[in-house]
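Residue numbers (this note's numbering): 51 to 334. Just so you know, even glycine gets a beta-carbon here, dropped at the ideal spot from N, CA and C. Notes to accompany the following structure.
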């Protein structure tokens, strides 16, 4: 977990100068019993939030942490004209102190992580790196639940289960059997984030999660960071990519050979810096 903290801090310090440079936007996906609103903030961390709108209520999943984005998300929620029933946190616990309505919910492993030295150091670094633009205050949550809980909210089910990624305190969430939330959504034609694949063991964990997702027949995959959403074709690509990466990592004698193998299999793929960062985690 300390290694994960250091990796995150490195990214955030580099990204800090870009705050406020891009435009945020919302998108909508409609299902039989709910509507999914996706908020792509385009903040320095590429954070993404979700609003699940059912007949009478709203559920917010993964709130925003930067102050302008908190306000924009809150304004959008207000315009939907329905009460917020719950605010669910899997990985992103910031930006919650402004919510006076709705029950705030977090899982036991994530709540424990928030009280760790690693988390306190990371949040302190956020505060400094982003010059007060990020709300890093951790609230007292209304409910702390197990990682394998199931919630039923206004006829929409939310089934939580632990991720297979080693060392990750957050959870995956099955939304009514149609949508799967994970920390990172699969993306076709792009190398994955080094926060998703941060060790050779994470390849197996990510592959296990992806194969389970395929078996369960979800139609949409969402995650807390850009690009935020993926479809079945993205998942299929992700599975094949991870299988290729696993073979390359086991066969390569060093990082240079690993990168060469991956580039040969996926020439011209976006996100080469991600591949370089993953290589450093696997071979260093």
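Going straight from the alpha carbon of residue i to that of residue j, what length do you get?
i           : j           : result
residue 109 : residue 85  : 11 Å
residue 333 : residue 312 : 14 Å
residue 211 : residue 144 : 22 Å
residue 295 : residue 257 : 10 Å
residue 204 : residue 134 : 11 Å
residue 92  : residue 302 : 36 Å
residue 274 : residue 95  : 10 Å
residue 147 : residue 126 : 17 Å
residue 207 : residue 282 : 21 Å
Below 7 Å between beta carbons: does that hold for residue i and residue j?
i           : j           : result
residue 156 : residue 98  : no
residue 271 : residue 236 : yes
residue 5   : residue 88  : Beyond the ends of the chain as shown, which are 51 and 334, falls residue 5; an answer cannot be given.
residue 251 : residue 216 : yes
residue 136 : residue 153 : yes
residue 238 : residue 287 : yes
residue 268 : residue 230 : yes
residue 220 : residue 160 : yes
residue 248 : residue 331 : yes
residue 218 : residue 115 : no
Take the Cβ of residue i as the centre, count every other Cβ of all protein chains shown within 10 Å, and call the residue buried at 16 or more, exposed below.
i           : result
residue 198 : exposed
residue 329 : buried
residue 243 : buried
residue 255 : buried
residue 163 : buried
residue 100 : buried
What are the start and end residues of the beta strand (DSSP E) that includes residue i?
i           : result
residue 193 : 193-195
residue 273 : 270-273
residue 87  : 85-90
residue 201 : 200-203
residue 136 : 134-139
List the endpoints of the continuous alpha helix (DSSP H) containing residue i.
i           : result
residue 291 : 282-301
residue 316 : No alpha helix (DSSP H) contains residue 316, which DSSP labels as neither H nor E.
residue 261 : 250-266
residue 385 : There is simply no residue 385 to check, as the chain begins at 51 and stops at 334 in what is shown.
residue 130 : 117-130
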